[in-house]
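Student:
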Amino acid sequence: MLQTLPLAQQTFVRIVRHPVSQGLAGFHRAVLRGKVGAAGGLHGCVNQQVLGTKRGVMDFDHDRSRTDDEDDGGPGGEERARRCREFRDVTSTTIPLADQYLQRNHWDLEQSVLQYFEHTASSKESVGTANGFDVIDVDALEKVRPERCQKFAELTNTTPEYAATFLPGYNYDLQAAISSFWTDLPSPVTPLERSLSDTKTEAKNEDSTDSPAKRPKKTTNPVPVNVKMEVAENSPSSSSSGDRQMEVSPKPDHDIMKRSFFKLLSWNIDGLDDKNFNQRALGVVEGIKEECPDVVFLQEVVATNLEILESHLKGSYSFITAPKADYFVAMMMHKSTVTMQKNMVVPFANTKMGRNILCAEVVWKGVSFCLATAHLESTKDGAKERVVQLRTCFDFIKTQEAEKMVILGGDLNLRDPEVGLAGGLPSSTVDLWQVCSARPECRWTWDCKRNTNAGRKCAGLSFMPQCRFDRLYYRPAQSLAKLKPVHFGLVGLKKAPRTQSFPSDHWGIVCTFDEK
Numbered sequence: 001m002l003q004t005l006p007l008a009q010q011t012f013v014r015i016v017r018h019p020v021s022q023g024l025a026g027f028h029r030a031v032l033r034g035k036v037g038a039a040g041g042l043h044g045c046v047n048q049q050v051l052g053t054k055r056g057v058m059d060f061d062h063d064r065s066r067t068d069d070e071d072d073g074g075p076g077g078e079e080r081a082r083r084c085r086e087f088r089d090v091t092s093t094t095i096p097l098a099d100q101y102l103q104r105n106h107w108d109l110e111q112s113v114l115q116y117f118e119h120t121a122s123s124k125e126s127v128g129t130a131n132g133f134d135v136i137d138v139d140a141l142e143k144v145r146p147e148r149c150q151k152f153a154e155l156t157n158t159t160p161e162y163a164a165t166f167l168p169g170y171n172y173d174l175q176a177a178i179s180s181f182w183t184d185l186p187s188p189v190t191p192l193e194r195s196l197s198d199t200k201t202e203a204k205n206e207d208s209t210d211s212p213a214k215r216p217k218k219t220t221n222p223v224p225v226n227v228k229m230e231v232a233e234n235s236p237s238s239s240s241s242g243d244r245q246m247e248v249s250p251k252p253d254h255d256i257m258k259r260s261f262f263k264l265l266s267w268n269i270d271g272l273d274d275k276n277f278n279q280r281a282l283g284v285v286e287g288i289k290e291e292c293p294d295v296v297f298l299q300e301v302v303a304t305n306l307e308i309l310e311s312h313l314k315g316s317y318s319f320i321t322a323p324k325a326d327y328f329v330a331m332m333m334h335k336s337t338v339t340m341q342k343n344m345v346v347p348f349a350n351t352k353m354g355r356n357i358l359c360a361e362v363v364w365k366g367v368s369f370c371l372a373t374a375h376l377e378s379t380k381d382g383a384k385e386r387v388v389q390l391r392t393c394f395d396f397i398k399t400q401e402a403e404k405m406v407i408l409g410g411d412l413n414l415r416d417p418e419v420g421l422a423g424g425l426p427s428s429t430v431d432l433w434q435v436c437s438a439r440p441e442c443r444w445t446w447d448c449k450r451n452t453n454a455g456r457k458c459a460g461l462s463f464m465p466q467c468r469f470d471r472l473y474y475r476p477a478q479s480l481a482k483l484k485p486v487h488f489g490l491v492g493l494k495k496a497p498r499t500q501s502f503p504s505d506h507w508g509i510v511c512t513f514d515e516k
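Under the working numbering, think of the first position of the sequence shown as 1, with each following residue one higher.
1. I need the straight-line Cα distance from S65 to Q115, nearest angstrom please.
2. What three-state label does DSSP hand K151 in the structure shown?
3. Kindly confirm or deny that the region 491-503 and the region 270-290 touch, where touching means at least three C-beta pairs closer than 8 angstroms.
4. Considering only the beta carbon of each residue, do R475 and T429 sit closer than 7 angstroms?
5. Taking only runs that begin and end inside the region 385-416, name each unbroken beta strand (DSSP E) of 3 or more residues, in chain order.
6. With H, G and I counted as helix, E and B as strand and the rest as coil, what does DSSP make of K275?
7. Label P347 either buried or exposed according to how many other C-beta atoms from any shown protein chain fall within 10 Å of its C-beta, with 16 as the threshold for buried.
8. Would you call H106 buried or exposed, if buried means 16 or more other Cβ atoms sit within 10 Å of its Cβ?
9. Does the beta-carbon of Q103 have 16 or more other beta-carbons within 10 angstroms, so that it is buried, or is it exposed?
10. Could you tell me the boundaries of the alpha helix (DSSP H) in which W507 lies?
11. Would you kindly work out how many angstroms separate the C-alpha atoms of F369 and L483, rounded to a whole number?
12. Out of V302, E310 and A349, which one is the CA nearest neighbour of D326?
13. Alpha carbon to alpha carbon, what distance is there between E361 and Q434?
14. In this structure, does DSSP put Q341 in helix, strand or coil?
15. Answer with buried or exposed for S260, where buried requires no fewer than 16 other C-beta atoms within 10 angstroms of its C-beta.
16. Considering only the alpha carbon of each residue, which of P465, L472, G455 and A454 lies closest to L432?
17. Which residues in the same chain as A153 place their Cβ atom closer than 6 angstroms to its Cβ, once the five residues preceding and following it in sequence are excluded?
18. Taking C-alpha atoms, which residue in I95, Q111 and E110 lies nearest to L518?
19. Just list the residues that DSSP pairs M331 with in beta bridges.
20. Which word fits A422, buried or exposed, when buried means at least 16 other C-beta atoms lie within 10 angstroms of its C-beta?
21. Please report how far the alpha carbon of R439 lies from the alpha carbon of M344, in whole angstroms.
22. Within the chosen definition, does the region 349-356 reach the region 371-386 through at least 3 CB pairs nearer than 8 angstroms?
23. Span of the alpha helix (DSSP H) holding E78?
24. Take D470 as the anchor and find which of A477, V491 and K143 has the nearest alpha-carbon.
25. Can you give me the C-alpha to C-alpha distance between E300 and N268, rounded to a whole angstrom?
26. How many angstroms separate the CA atom of P426 from the CA atom of K398?
27. Which of the three DSSP states, helix, strand or coil, is assigned to W364?
28. Considering only DSSP beta bridges, list what H487 is partnered with.
29. Measure from the alpha carbon of D505 to the alpha carbon of each residue in E78, N276 and F87, then state which is nearest.
30. Do you know offhand how far Q478's Cα is from Q389's?
31. So if DSSP puts I357 in a beta bridge, which residue, or which two residues, is it bridged to?
32. May I have the straight-line CA-CA distance separating I320 from C359, to the nearest angstrom?
33. Keeping to the same chain, check which residues put their C-beta closer than 6 angstroms to that of I357; ignore five residues upstream and five downstream.
34. Please identify the residue among F396, V419, N453 and K449 whose C-alpha is closest to the C-alpha of G271.
35. Distance check for H487 and D514, CA to CA, integer angstroms please.
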């Protein structure tokens, strides 16, 4: 097929990516975006392997590609993301590779793209490096591609199919790809936190999966929208039937009691998907054990996966939930570090999907928190209701006492413009992904390109969506001892035990705070 293409397209296909169909698609995207001259093909192209002069390859709009950068020498979050997307679209590569080239070229978009094509064109016979960048010849690649995909899958507990989507971003450099994969996983931030991995064995034999639990039939009773419950201090007798709090005594955990940092995890655990249901729930259990967070926000919880979580984690965590329906939100608090004072549910008056906010006032190491998790209205059609619900969430933050730290988050199903439509973030409130360096690899939490669970639900679409649906917002206390967010990562990037499914179609998000 390659020999039948025009010379310019042959060049683009050979340089950017195999197979031919992918390279050709990239060529046409570049032409349509005005980045490659359609009439003359690739300007300065002298053969199928080598591109021409730096000034003749791409016709960039300098005003768009060279905007003023911030004082630290790099662009801000939105501009950084835009340049990465531009690089990805022009080169038909990936965001991680775009980030690599752009950083090396001080975020000069034109120079980065030109350098990419030069490096790729200069590699003719073997896998190697050029000026610090990995480059690979497509003919040599065909020989090593299957082996590297298989090796990547074995070392990361994923699949060759997943490896085939991940490795191209690193030019099939196995070492760099594996390093990045494990770096993207939520990792401890101090040596002390690494010692918490011993808690993995805490509930290893508590439950057998030989007899899978039966999924309950879905009920038709919606969540009451006129309910506002307030639960008194840790009193079992005061607990509403809609709120569940486990009363099992905690097992001592001296390591978590000694550590100085506070960790919170939020995760939509996809209880509505029957595929590998029990094993995926166990994958959530393992993810929580590995992170050992002080607090967990959960969305899309159903009665059956809640039972699995409780059976494995009730020794260390107390559980509260919003009113039970087909699915609901829940919160977990580590008994060794977090004391709950009261909790309540704030309903959304406009919900068509039974959504609400689950709130809890807690104390951690003498510091008062107001915690809230929500699952806002889903889909594009729910945008109007979702904006109103987000405004309710922001109003909730505003009403909390200034001496309390507030964290609100969950599967908010947000599109970026909706934050502005809801009136913008409340005063002193920050988006934790943004303030923790806005790492591109941690941006998408519902990622059909990387998460095969989500990708399966997008089958038939002409593109694979990547969305930052899951978010955490933080408002520090005004005068008391403050915690500073120091790390933001993803959870759930390993397949569930004995399956080819991830624990959820969402990645979980985890943030660590340390004392200033």
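Glycine included, C-beta positions come from ideal geometry on N, C-alpha and C.
Tutor: Taking the geometry as given:
1. Caution applies to S65, whose pLDDT of 37 falls short of 50 and renders its modelled position unreliable; the value that the coordinates give is listed next. Distance between the alpha carbons of S65 and Q115 is about 15 angstroms.
2. helix
3. yes
4. yes
5. 405-411
6. coil
7. buried
8. exposed
9. exposed
10. That residue, W507, is in no alpha helix (DSSP H); it is neither H nor E in DSSP.
11. 11 angstroms
12. V302
13. 25 angstroms
14. strand
15. exposed
16. L472
17. T159, P160 and A163
18. The displayed coordinates of the chain run from 1 to 516. Any statement about residue 518 would go beyond what the structure contains.
19. F297 and I320
20. buried
21. 34 angstroms
22. yes
23. G77 to T91
24. V491
25. 6 angstroms
26. 7 angstroms
27. strand
28. T512
29. N276
30. 26 angstroms
31. V346 and A374
32. 10 angstroms
33. V346, A372 and A374
34. N453
35. 9 angstroms
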